[in-house]
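Protein chains in written order, with our numbering: chain W, 8 to 530; chain R, 8 to 530. We put the CB at the ideal spot given by N, CA and C, even for glycine. Treat the numbers as computed from the prediction; the structure is a model and nothing was measured. Down below is the structure, laid out as structure tokens.
2 protein chains.
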Amino acid sequence: MLNGDLFIGGERRAAGRRFRAYDPGKGAEIPEPAFAEATALDVADACARAEAAFEAYSSRPLAERAAFLEAVATRIEALGDALLERAQAESGLPLARLQGERGRTCGQLRLFGKEVLEGGWQGLRIDEADAARVPPKPDLRLRHVPLGPVAVFGASNFPLAFSTAGGDTASALAAGCPVVVKGHPAHPGTSELVAIAFEEAIRETGMPAGVFSLLQGASNDIGAALVADPRIAAVGFTGSRAGGTALMRIAAARPVPIPVYAEMSAVNPVVLLPQALKARGAALAQGFVASLTMGAGQFCTNPGLLLALAGPELDAFLADAGGHVSTAPAQVMLSAGIHAAYERGKAELAGSAGMRQVAQGQADSAPNRGAAGLFTMTGAELLADPERAHEIFGATSLVVACADEAELLAVLRALEDQLTATLHADAQDLEAARRLLPTLERKAGRILANGWPTGVEVTHAMVHGGPFPATSDGRSTSVGTLAIERFLRPVCYQDLPEALLPEALRGEGAAGIPLRLNGTRRL
Amino acid sequence: MLNGDLFIGGERRAAGRRFRAYDPGKGAEIPEPAFAEATALDVADACARAEAAFEAYSSRPLAERAAFLEAVATRIEALGDALLERAQAESGLPLARLQGERGRTCGQLRLFGKEVLEGGWQGLRIDEADAARVPPKPDLRLRHVPLGPVAVFGASNFPLAFSTAGGDTASALAAGCPVVVKGHPAHPGTSELVAIAFEEAIRETGMPAGVFSLLQGASNDIGAALVADPRIAAVGFTGSRAGGTALMRIAAARPVPIPVYAEMSAVNPVVLLPQALKARGAALAQGFVASLTMGAGQFCTNPGLLLALAGPELDAFLADAGGHVSTAPAQVMLSAGIHAAYERGKAELAGSAGMRQVAQGQADSAPNRGAAGLFTMTGAELLADPERAHEIFGATSLVVACADEAELLAVLRALEDQLTATLHADAQDLEAARRLLPTLERKAGRILANGWPTGVEVTHAMVHGGPFPATSDGRSTSVGTLAIERFLRPVCYQDLPEALLPEALRGEGAAGIPLRLNGTRRL
Chain W
8 MLNGDLFIGG ERRAAGRRFR AYDPGKGAEI PEPAFAEATA LDVADACARA
58 EAAFEAYSSR PLAERAAFLE AVATRIEALG DALLERAQAE SGLPLARLQG
108 ERGRTCGQLR LFGKEVLEGG WQGLRIDEAD AARVPPKPDL RLRHVPLGPV
158 AVFGASNFPL AFSTAGGDTA SALAAGCPVV VKGHPAHPGT SELVAIAFEE
208 AIRETGMPAG VFSLLQGASN DIGAALVADP RIAAVGFTGS RAGGTALMRI
258 AAARPVPIPV YAEMSAVNPV VLLPQALKAR GAALAQGFVA SLTMGAGQFC
308 TNPGLLLALA GPELDAFLAD AGGHVSTAPA QVMLSAGIHA AYERGKAELA
358 GSAGMRQVAQ GQADSAPNRG AAGLFTMTGA ELLADPERAH EIFGATSLVV
408 ACADEAELLA VLRALEDQLT ATLHADAQDL EAARRLLPTL ERKAGRILAN
458 GWPTGVEVTH AMVHGGPFPA TSDGRSTSVG TLAIERFLRP VCYQDLPEAL
508 LPEALRGEGA AGIPLRLNGT RRL
Chain R
8 MLNGDLFIGG ERRAAGRRFR AYDPGKGAEI PEPAFAEATA LDVADACARA
58 EAAFEAYSSR PLAERAAFLE AVATRIEALG DALLERAQAE SGLPLARLQG
108 ERGRTCGQLR LFGKEVLEGG WQGLRIDEAD AARVPPKPDL RLRHVPLGPV
158 AVFGASNFPL AFSTAGGDTA SALAAGCPVV VKGHPAHPGT SELVAIAFEE
208 AIRETGMPAG VFSLLQGASN DIGAALVADP RIAAVGFTGS RAGGTALMRI
258 AAARPVPIPV YAEMSAVNPV VLLPQALKAR GAALAQGFVA SLTMGAGQFC
308 TNPGLLLALA GPELDAFLAD AGGHVSTAPA QVMLSAGIHA AYERGKAELA
358 GSAGMRQVAQ GQADSAPNRG AAGLFTMTGA ELLADPERAH EIFGATSLVV
408 ACADEAELLA VLRALEDQLT ATLHADAQDL EAARRLLPTL ERKAGRILAN
458 GWPTGVEVTH AMVHGGPFPA TSDGRSTSVG TLAIERFLRP VCYQDLPEAL
508 LPEALRGEGA AGIPLRLNGT RRL
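As structure tokens, then:
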């Protein structure tokens, strides 16, 4: 089924340089197929076709746009086990996880299909004319329109849900934007299979072919050329801080700068408040290590930093958590590069001044296995060396023992901004929790109580975002229906004849679509 | 009443270097007072006080925030004629215009006060828990929170409505953000008077003093230090493209980049479609020159570019418009710098290859008087020399005679992006208008029919924005209630105990505030 083709707005291409996929579990290349590496011409052609498709795609009735997203989901499901097996070989992730991720991916596409139909994202507003006013008040009508073609970068850690047909793609398509995907080189076969599903869904629903392209390749030059292309209007990315900030720089240096939505890095601080720690330390230790080691710790929301007050309760927690970590089996990591970076990061943490290693997970000499790690230092030590709180992508966490609540708050304030912040609080902790909340609200896109940050629900009220450097743009989320707003801009129509107005804005607005009429909201 | 003080979050300061205001109508300095020039320390102190005030200000009940905006408006009105007279001396704008602008400024503050109370800008969303689901679905609640302290740059061309208490200040305060204003050096006395109104309103409503600061000075270093300050979370600016892009670069180069909302430059293309031109060419010529020369052409939405098909109707229009331009009196421009730049720009346009001058307004040897100018070239000539379509800030416009509709569309496509685009279309022009609309939607934030772009209504459905280089961020508007969204970011609360939730998100949400509950909107 796989040819190693590029998908350039309806045309398949495979010429020139090739690269191969890698099976991290086996530590070996996957021989077939060899994947075509996109050239600068391929990038330009994909962007040109996306631009050419923009007007046709964005002006299709919303029901057709929704049906297209639904069809992509159905076609992905129809790929069957072939998709899961290829994804497993390329990512080292367990099959059960990938089954769940496929469900999440298709559910996400369908949720955005429903969101397209709901229509509230258009933000319709009408202010009616008043000819009697001096000067006369014009008729003003506002809607949100799509930005233009969007570049999406596949993420290595979600080869389905944040890759070729993942959240960024789904939300951009829902907004009415054609998408040019730069596939992640860690899972090119998975990307190609999903591109085949797109090809079929485009044919089936009669969408313009340029609405989707897949560029593959191991070189960073492809992504750089894509973001620099004048036809690209916005960028969606999930990955490293180095990668995300490089794209931000390219986007800002363009003759016409464009928005970049890069979800980059976080340690997702978890605060164990005293009463919770005292009442249920053992359960917290178990929940913490389960969250820490899930998926080899390769989640954006992995709990990489824990804060609590020093004392016998924290010592007991550390002993419990250390016990769980020391029996945790090593797990295959997503790629040799990620595994090597993890080992480097862990070794650097272990070797830093004042660091105590609490526990080390089970070793495994098979390729690319990452063992969990648990470390501890005091709040004062962390305040003196704040870089220790930077993300190590993988199942390693640092427990910070603070002298008192003031020091704990100082540590929180000294942290970089985050995707999530979590409080474990019992009834007697609520006052302390209330004192911490304003700081957490400044710092993170999502605040959790008595849970763990891994597990990001795809729904309306989710925020998977946060101020820089958690993301490049804290005004947005990359998970949940609010993500559609990233790819929209408002346009106002003044005194336009009814015949020229978009249908949704005629008269007193289309029935059933939320609207603000002369300032008053109407459903 | 004026001392030349800086207003640093409740403290008045006036030490060190001084600068003086300038009366462009007289071409002379205004001797009193000498205004203090802010130092780097003043900038840092203002930012520190804004940051210190953030939590207190943003957590005040919305009714108090609205009352504060209302009080600022009332205190500005109470300044009486002293404000208008000072603004007239510093800007050269007619008293009637400044009266109108004061009304707009105070109306804008009150409109944002009402918007604060309406509450829909919080974008509340609740997805209720489902413990029966596998895995259990958490309780998720979302609201939008203010970004943090905002730097606002006063604009020279709206010394009231887009300056110290102008649209950017009003929308940032409405969002819950303290504001540090960099006053425009062309009207420091006007800014100081408005700062006195702020001082009184803050005292009267018991707001934290750090919620407002006014930094003055003629040096660009002050603004650069302000945007670079780590406590500033966003920037609002109206001014030149050079100024706006300089701020964009500073903001992007910070360790923590921040959003910049800069409204910069536009020529606001106006298309006269054939039937409209034929049926009412004389009236169009009159309306055009009135819009062009209003306020000495010193509006962001000034019609600097007109497009129509070449032919006898356009020749007649040019003759009529040229007649009106040639009798138009010269007008005082806002500053010697703006006047000099206008004369330079007009001379450069006049001297460019193929340019024909249609008419020249009345000359006036008094200081800083700008005479209107009307030029014409063909579409082919403009396509060969697209820089001729760049903004000349003032009452000069270029009429582009296109060979046919295809060339007219090509010229529109070749233009940079714009704040507005206008179509004059009669019934028989509607098909042509429909063909142009998709291009105009990509290019501009506001599309007008059968009107003129000057005159920007402050209301709900207004968009005063547009893709770069019209603004730095086409996803927003700087006029109208939608402007509040520029200074907000979403935060999600997962499984938070009721007692820790923001009031508006408890239970099924606060009564009377728009909410999305499990995906369904509720008013």
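Legend entry - Within chain W, partners of Thr-478/R - CB distance below 8 Å: The sequence position of residue 478/R within the second sequence is 471, counting from 1. Simply none; closest approach about 10 Å.
Inset, instruction - Tell me whether Gly-243/R sits in a helix, a strand or coil according to DSSP, three-state version. - result: To locate residue 243/R, count along the second sequence from 1; it is residue 236. It is a strand residue.
Inset, instruction - Starting from Val-188/W, follow the beta strand (DSSP E) in both directions and report where the run begins and ends. - result: Residue numbering aside, residue 188/W sits at position 181 when the first sequence is read from its first letter. Val-188/W -> beta strand (DSSP E) spans 186–189.
Inset, instruction - Could you work out which residue in Ala-439/R, Arg-351/R, Leu-147/R is closest to Leu-316/R when comparing CA atoms only? - result: Position 309 of the second sequence, counted from the start, is the residue given in the question as residue 316/R. Ala-439/R is the residue among Ala-439/R, Arg-351/R, Leu-147/R whose C-alpha sits nearest the C-alpha of Leu-316/R.
Inset, instruction - Could you tell me whether the Cβ of Cys-499/W comes closer than 8 Å to any Cβ of chain R? - result: Taking the first sequence and counting its residues from 1, one reaches residue 499/W at position 492. With 8 Å as the cut-off, Cys-499/W counts as an interface residue toward chain R.
Inset, instruction - Would you mind giving the Cβ-Cβ distance between Arg-150/R and Leu-131/R, rounded to the nearest angstrom? I have them listed as a contact below 8 Å. - result: As a first step, residue 150/R must be located in the second sequence, where it is residue number 143. As a first step, residue 131/R must be located in the second sequence, where it is residue number 124. Going by Cβ atoms, the distance from Arg-150/R to Leu-131/R rounds to 5 Å, so yes, they are a contact pair.
Inset, instruction - Assign His-346/R to one of three DSSP states: helix, strand, or coil. - result: As a first step, residue 346/R must be located in the second sequence, where it is residue number 339. In the structure shown, His-346/R sits in a helix (DSSP, three-state: H, G or I).
Inset, instruction - Using a threshold of 8 Å, state whether the C-beta atoms of Leu-341/W and Ser-170/W are closer than that. - result: By 1-based counting over the first sequence, the position of residue 341/W is 334. By 1-based counting over the first sequence, the position of residue 170/W is 163. No.
Inset, instruction - Output yes or no for whether 8 Å exceeds the beta carbon distance between Leu-495/W and Pro-153/W. - result: Translated into the one-based positions of the first sequence, residue 495/W becomes position 488. Translated into the one-based positions of the first sequence, residue 153/W becomes position 146. Cβ atoms of Leu-495/W and Pro-153/W: closer than 8 Å.
Legend entry - C-beta contact flag for Leu-419/R and Pro-276/R at 8 Å: Counting from one through the second sequence, the residue named residue 419/R turns up at place 412. Counting from one through the second sequence, the residue named residue 276/R turns up at place 269. Yes, they are a contact pair.
Inset, instruction - For Met-469/W, go through chain R and note every residue whose CB falls closer than 7 Å to its CB, in chain order. - result: For the purposes of this step, residue 469/W is taken as the residue at position 462 of the first sequence. Those within 7 Å of Met-469/W in chain R are Leu-147, Cys-499.
Inset, instruction - Apply the 10 Å Cβ neighbour rule to Ala-47/R and answer buried if 16 or more other Cβ atoms are within range, or exposed otherwise. - result: In the second sequence, residue 47/R corresponds to position 40, counting from 1. When all chains shown are included, Ala-47/R counts as exposed.
Inset, instruction - On a CA-only basis, which of Leu-405/R, Leu-299/R, Asn-375/R is nearest Glu-355/R? Give me that one, please. - result: Position 348 of the second sequence holds residue 355/R. Glu-355/R has its Cα closest to that of Leu-405/R, out of Leu-405/R, Leu-299/R, Asn-375/R.
Legend entry - Length of the line joining the Cα atoms of Val-470/W and Leu-437/R: Residue numbering aside, residue 470/W sits at position 463 when the first sequence is read from its first letter. Residue numbering aside, residue 437/R sits at position 430 when the second sequence is read from its first letter. Cα to Cα, Val-470/W sits roughly 44 Å from Leu-437/R.
Legend entry - Residues sharing a beta bridge with Thr-197/W, DSSP: Along the first sequence, read from residue 1 onward, the residue named residue 197/W stands at position 190. Among the bridge pairs identified by DSSP, Thr-197/W is matched with none.
Inset, instruction - Compare the C-beta of Phe-475/W with all C-beta atoms of chain R and state if any pair is closer than 8 Å. - result: As a working note, residue 475/W is residue 468 in the first sequence. Yes, its Cβ sits closer than 8 Å to a Cβ of chain R.
Inset, instruction - Find the nearest neighbour of Glu-412/W within the set Glu-84/W, Gly-318/W, Pro-393/W, judged by alpha-carbon distance. - result: Walking along the first sequence from the start, residue 412/W turns up at place 405. Minimum Cα distance to Glu-412/W is reached at Gly-318/W.
Legend entry - Simplified DSSP assignment, three categories, for Glu-44/W: Along the first sequence, read from residue 1 onward, the residue named residue 44/W stands at position 37. Glu-44/W falls in the coil class under three-state DSSP.
Inset, instruction - Output the distance between the C-alpha atoms of Val-267/W and Ser-178/W, rounded to the nearest integer angstrom. - result: Counted from its first residue, the first sequence places residue 267/W at position 260. Counted from its first residue, the first sequence places residue 178/W at position 171. Distance between the alpha carbons of Val-267/W and Ser-178/W is about 14 Å.
Legend entry - Contact with chain W by Asn-558/R, beta-carbon distance below 8 Å: Only positions 8 to 530 of chain R appear in the structure, and residue 558/R is not among them; the question remains open.
Legend entry - CA-to-CA distance, Ser-65/R to His-360/W, given in whole angstroms: What you label residue 360/W is simply residue 353 of the first sequence in a count that begins at 1. What you label residue 65/R is simply residue 58 of the second sequence in a count that begins at 1. Here residue 360/W is Ala; the residue named in the question, His, does not match the sequence. In a straight line, the C-alpha of Ala-360/W is about 40 Å away from that of Ser-65/R.
Legend entry - Where Cys-409/R falls: helix, strand or coil (DSSP): The sequence position of residue 409/R within the second sequence is 402, counting from 1. It is a strand residue.
Inset, instruction - Kindly list, in the order they appear in chain W, the residues whose Cβ is closer than 9 Å to that of Lys-144/R. - result: Looking up residue 144/R in the second sequence gives position 137. For Lys-144/R, the chain W residues whose C-beta falls within less than 9 Å of its own C-beta are Glu-464, Thr-466, listed in chain order.
Inset, instruction - Determine the burial state of Pro-336/W: buried for a count of at least 16 other Cβ atoms within 10 Å of its Cβ, exposed for fewer. - result: As a first step, residue 336/W must be located in the first sequence, where it is residue number 329. Under this definition Pro-336/W is an exposed residue.
Legend entry - Three-state secondary structure (DSSP) of Leu-314/W: Indexing the first sequence from 1 puts residue 314/W at position 307. Of the three classes helix, strand and coil, the one that applies to Leu-314/W here is strand, per DSSP.
Inset, instruction - Could you say which of Ile-265/W, Pro-310/W, Thr-488/W, Phe-475/W lies nearest to Val-278/W if we only look at CA atoms? - result: What you label residue 278/W is simply residue 271 of the first sequence in a count that begins at 1. Here the closest residue by C-alpha is Pro-310/W.
Inset, instruction - Under 7 Å between beta-carbons, which chain W residues line up against Leu-69/R? List them in chain order, please. - result: As a first step, residue 69/R must be located in the second sequence, where it is residue number 62. None at all; the shortest Cβ gap to chain W is about 16 Å.
Inset, instruction - Name the two residues that bound the continuous beta strand (DSSP E) containing Pro-319/W. - result: Start at 1 with the first residue of the first sequence, and residue 319/W comes out as number 312. Element bounds for Pro-319/W: not the beta strand (DSSP E) but the alpha helix (DSSP H), 319–334.
Inset, instruction - Can you check the stretch 60–101 of chain W for any alpha helix (DSSP H) of at least 4 residues that lies completely inside it and give the ranges in chain order? - result: Counting only runs of at least 4 residues, the stretch 60–101 of chain W fully encloses the following alpha helix (DSSP H) elements, listed from N- to C-terminal order: 69–85, 88–98.
Legend entry - Own chain residues within Cβ distance below 6 Å of Leu-522/W, not counting five before or after: For the purposes of this step, residue 522/W is taken as residue 515 along the first sequence, with counting starting at 1. Cβ within range, chain order: Leu-131, Gly-516, Arg-529.
Legend entry - Opening and closing residue of the alpha helix (DSSP H) in which Arg-287/W lies: Position 280 of the first sequence, counted from the start, is the residue given in the question as residue 287/W. Per DSSP, Arg-287/W belongs to the alpha helix (DSSP H) from 281–300.
Inset, instruction - Since I believe Pro-460/R is in contact with Thr-484/R (beta carbons under 8 Å), could you give me their beta-carbon distance rounded to a whole number of angstroms? - result: The residue labelled residue 484/R in the question sits at position 477 within the second sequence. The residue labelled residue 460/R in the question sits at position 453 within the second sequence. Contact between Thr-484/R and Pro-460/R does not hold, since their C-beta atoms are separated by about 14 Å, which reaches or exceeds 8 Å.
Legend entry - Beta carbon of Gly-473/R nearer than 8 Å to that of Gly-462/R: Translated into the one-based positions of the second sequence, residue 473/R becomes position 466. Translated into the one-based positions of the second sequence, residue 462/R becomes position 455. Not in contact: Gly-473/R and Gly-462/R (Cβ atoms no closer than 8 Å).
Inset, instruction - Using a Cβ-Cβ cut-off of less than 7 Å, list which residues of the stretch 207–229 of chain R approach chain B; keep chain order. - result: In the displayed structure, chain B is absent; the protein chains listed are W and R.
Inset, instruction - Give a yes or no on whether 8 Å exceeds the smallest Cβ distance from Val-339/W to chain R. - result: Along the first sequence, one-based indexing puts residue 339/W at 332. No - not a single Cβ of chain R is within 8 Å of the one on Val-339/W.
Inset, instruction - Output yes if chain R places a C-beta closer than 8 Å to the C-beta of Thr-484/W; else output no. - result: Here residue 484/W refers to the residue found at position 477 of the first sequence. Yes, because at least one Cβ of chain R sits closer than 8 Å to the Cβ of Thr-484/W.
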